[in-house]
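**Q** Here it is, the structure in full.
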Amino acid sequence: MNDPGQFGFSRRSLLRLAAALPVAGGAALLKASEPDIKVPSFNNLTDQEEIAFGQKIAAEMDAALPLLHVGLLEEYVNDMVGKLGRASKRPNMDYRAKVINTMDVNAYSILGGHMYVYRGLLHYVNNEAELAAVLAHEVGHVVGHHSANKVMLQVKAKQLYEAVKNNVLLQNQVIRQVIQKLGGPLALLALLKYERDQEFEADLFGFYEAFRCKWDPNGFVTFFERIRQATGDPDLMKSLKSDHPPAGERAARIRQEMTTVSMPGKMTTESLRYKAMKLSLNALPPPVKKPG
């Protein structure tokens with residue numbers, strides 16, 4: 584995030600100035616504190632290359648994961664992810680989502696825009712605003728190049744950079760071989776553990792994406808508070824809690840960010856499509872249990 588103070592202005596004074604300007608859909612206010620995108624030098628994938636690499640990794644992941652193919656669920660989640668992606672700072676990525684048929688409460692995104700949403704998360708959320716918060720956070724990781732940075736760091740460490748750059752846009756087997764040399768799709772999934780600053784940055788990117796889509800950002804706060812106070816099966820939330828900063832701290836940061844924007848009078852918390860998704864979800868047989 585830029586530091587306005589280096590130019591002699593406080594962040595608060597800039598926000599007051601933005602509030603005094605004509606605002607179309609809150610756009611001027613949103614520029615005041617949404618993070619800038621910073622890409623390290625070791626990741627020089629073009630957007631086209633990142634999308635192609637992500638598509639090839641997703642094809643390998645799809646074959647390795649227990650996906651749930653229910654049209655209503657897939658269409659609903661895909662539409663939400665696509666809407667959030669188009670409202671992001673990287674609207675041209677290949678945003679799409681699939682549902683994993685286990686009861687873990689989590690979601691993750693990979694480079695290029697592909698996202699995987701656990702069935703347990705769809706059960707767990709109390710409303711559409713909470714689901715939008717989680718999905719927007721994952722879109723935020725794509726916007727921040729977080730997944731692409733992790734993968735490209737490994738690509739360079741294993742001296743696979745030339746193989747990727749020379750073949751990622753081609754239709755051959757080289758990238759599949761690269762993925763195997765990186766340990767396979769599930770090993771790449773294990774790479775997606777981010778530093779605290781990246782998680783907070785994804786929260787902020789997601790906050791503004793959801794805000795622009797008119798989903799109530801209180802969904803972030805209520806979801807984080809429920810995670811903080813969560814009881815029940817600890818295994819289902821283990822990865823969500825262990826892979827992210829403390830939920831209470833994340834909720835406090837979002838509350839602070841909400842004080843810096845002009846909140847419209849009415850924002851979406853639920854929808855008929857959300858209710859239909861829940862009905863469809865609850866009618867399904869139990870998911871397959873993970874081995875062991």
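Just so you know, we're using the working numbering here: the sequence shown kicks off at 584 and counts up by one. Ideal Cβ placement from N, Cα and C applies to all residues, glycine included.
#1: I need the DSSP call for Ser616, collapsed to helix, strand or coil.
#2: Is it true that the CB of Leu864 sits closer than 8 Å to the CB of His706?
#3: How would you call Gly802, buried or exposed, if buried means at least 16 neighbouring beta carbons within 10 angstroms?
#4: Assuming Lys739 contacts Phe625 under a Cβ cut-off of 8 Å, what Cβ separation, rounded to an integer in Å, is found between them?
#5: Would you report the Cα separation of Thr685 and Lys872, rounded to the nearest angstrom?
#6: How many angstroms separate the CA atom of Ile683 from the CA atom of Tyr691?
#7: Between Ser845 and Thr805, what straight-line distance do the alpha-carbon atoms span, to the nearest angstrom?
#8: Is it the case that the Cβ atoms of Ala731 and Leu667 are separated by a distance below 8 Å?
#9: Identify the continuous alpha helix (DSSP H) that holds Ser730 and give its terminal residues.
#10: Within 10 Å of its beta-carbon, does Arg833 have 16 or more other beta-carbons around it, so buried, or fewer, so exposed?
#11: Could you check where the beta strand (DSSP E) with Ile693 kicks off and where it finishes?
#12: Quick check on DSSP: helix, strand or coil for Tyr744?
#13: Is it right to say Glu745 is buried, meaning 16 or more other beta carbons lie within 10 angstroms of its own, or is it exposed?
#14: Any contact of the region 695 to 715 with the region 633 to 646, i.e. 3+ C-beta pairs under 8 Å?
#15: With DSSP as the reference, label Gly848 as helix, strand or coil.
#16: Please report how far the alpha carbon of Gly723 lies from the alpha carbon of Gly789, in whole angstroms.
#17: With a threshold of 6 Å on Cβ separation, who are the neighbours of Val622 within its own chain once the five nearest residues in sequence on each side are excluded?
#18: Could you check if Pro800 is buried or exposed, using at least 16 other CB atoms within 10 Å of its CB as the buried criterion?
#19: Keeping to the same chain, check which residues put their C-beta closer than 7 Å to that of Asp841; ignore five residues upstream and five downstream.
#20: Determine the DSSP secondary structure at Tyr699, reduced to helix, strand or coil.
#21: Alpha carbon to alpha carbon, how far is Ala712 from Tyr791? Give it in angstroms, no decimals.
#22: Only counting the same chain, and skipping five residues up and downstream in sequence, which positions put a Cβ closer than 6 Å to that of Tyr857?
#23: Would you tell me roughly how many angstroms separate the C-alpha atoms of Lys861 and Ala785, rounded to the nearest one?
#24: Going by DSSP, what residue range makes up the alpha helix (DSSP H) through Lys681?
#25: Between Asp780, Lys797, Val751, which lies nearest to Lys849 when the distance is taken from Cα to Cα?
#26: Using DSSP bridges, identify the partner residues of Leu855.
#27: Looking at the secondary structure, which residues open and close the alpha helix (DSSP H) in which Lys639 lies?
#28: Taking Cβ to Cβ, would you say Tyr699 is nearer than 8 Å to Leu648?
#29: Check Leu775 in the structure and name its three-state DSSP category.
#30: Hey, could you find the ends of the alpha helix (DSSP H) Met545 is sitting in?
**A** According to the data block:
#1: To locate residue 616, count along the sequence shown from 1; it is residue 33. Reduced to three states, the DSSP call for Ser616 is coil.
#2: Residue mapping note: residue 706 aligns to position 123 of the sequence shown, counting from 1. Residue mapping note: residue 864 aligns to position 281 of the sequence shown, counting from 1. Yes, the pair counts as a contact, with Cβ atoms nearer than the cut-off.
#3: The residue labelled residue 802 in the question sits at position 219 within the sequence shown. By the 10 Å Cβ count, Gly802 comes out buried.
#4: The residue you call residue 739 lines up with position 156 of the sequence shown. The residue you call residue 625 lines up with position 42 of the sequence shown. Indeed they touch by this definition, with Cβ atoms about 6 Å apart.
#5: Residue 685 sits at position 102 when you count from the first residue of the sequence shown. Residue 872 sits at position 289 when you count from the first residue of the sequence shown. Cα-Cα distance, rounded: 7 Å.
#6: Locating residue 683 in the sequence shown gives position 100, where the first residue counts as 1. Locating residue 691 in the sequence shown gives position 108, where the first residue counts as 1. Going from the Cα of Ile683 to the Cα of Tyr691 covers about 11 Å.
#7: The residue labelled residue 845 in the question sits at position 262 within the sequence shown. The residue labelled residue 805 in the question sits at position 222 within the sequence shown. If I take the Cα positions, the gap works out to 20 Å.
#8: Residue mapping note: residue 731 aligns to position 148 of the sequence shown, counting from 1. Residue mapping note: residue 667 aligns to position 84 of the sequence shown, counting from 1. Contact flag unset, no.
#9: Within the sequence shown, the letter at position 147 stands for residue 730. Ser730 -> alpha helix (DSSP H) spans 729 to 740.
#10: To locate residue 833, count along the sequence shown from 1; it is residue 250. Buried is the call here.
#11: For this step, residue 693 is matched to residue 110 along the sequence shown. Note, Ile693: premise wrong, no beta strand (DSSP E); not H, not E.
#12: Translated into the one-based positions of the sequence shown, residue 744 becomes position 161. In this structure, Tyr744 counts as helix in the three-state DSSP scheme.
#13: Working through the sequence shown from its first residue, we reach residue 745 at position 162. Burial call: exposed.
#14: Contact annotation: the region 695 to 715 touches the region 633 to 646, with at least three C-beta pairs closer than 8 Å.
#15: Along the sequence shown, one-based indexing puts residue 848 at 265. It is coil, neither helix nor strand.
#16: On the sequence shown, position 140 is the one that residue 723 refers to. On the sequence shown, position 206 is the one that residue 789 refers to. So the two alpha carbons sit approximately 5 Å from each other.
#17: In the sequence shown, counting from the first residue as 1, residue 622 sits at position 39. His728, listed in sequence order.
#18: Here residue 800 is taken as the residue at index 217 of the sequence shown, counted from 1. Pro800 should be labelled buried.
#19: For the purposes of this step, residue 841 is identified with residue 258 of the sequence shown, where counting begins at 1. Note on residue identity: the sequence assigns Met, not Asp, to residue 841. Cβ neighbours of Met841 beyond the five flanking positions: Pro800.
#20: The count along the sequence shown starts at 1 and reaches residue 699 at position 116. Of the three classes helix, strand and coil, the one that applies to Tyr699 here is strand, per DSSP.
#21: Residue mapping note: residue 791 aligns to position 208 of the sequence shown, counting from 1. Residue mapping note: residue 712 aligns to position 129 of the sequence shown, counting from 1. One C-alpha to the other measures close to 13 Å.
#22: For this step, residue 857 is matched to residue 274 along the sequence shown. Cβ within range, chain order: Glu711.
#23: As a position in the sequence shown, residue 861 is number 278, starting the count at 1. As a position in the sequence shown, residue 785 is number 202, starting the count at 1. Distance between the alpha carbons of Lys861 and Ala785 is about 26 Å.
#24: Numbered from its first residue, the sequence shown carries residue 681 at position 98. From DSSP, Lys681 is part of no alpha helix (DSSP H) but of the beta strand (DSSP E) over 679 to 683.
#25: Counting from 1 along the sequence shown, the entry for residue 849 is found at position 266. Cα-wise, what sits closest to Lys849 is Lys797.
#26: By 1-based counting over the sequence shown, the position of residue 855 is 272. For Leu855, which the question treats as bridged, DSSP gives no partner whatsoever.
#27: Translated into positions along the sequence shown, residue 639 becomes position 56. From DSSP, the alpha helix (DSSP H) with Lys639 extends over 630 to 647.
#28: The residue given as residue 699 occupies position 116 in the sequence shown. The residue given as residue 648 occupies position 65 in the sequence shown. Cβ distance < 8 Å, so Tyr699 and Leu648 count as in contact.
#29: Counting from one through the sequence shown, the residue named residue 775 turns up at place 192. In the structure shown, Leu775 sits in coil (DSSP, three-state: anything other than H, G, I, E or B).
#30: Given a span of 584 to 875 for the chain in the structure shown, any question on residue 545 remains unanswerable.
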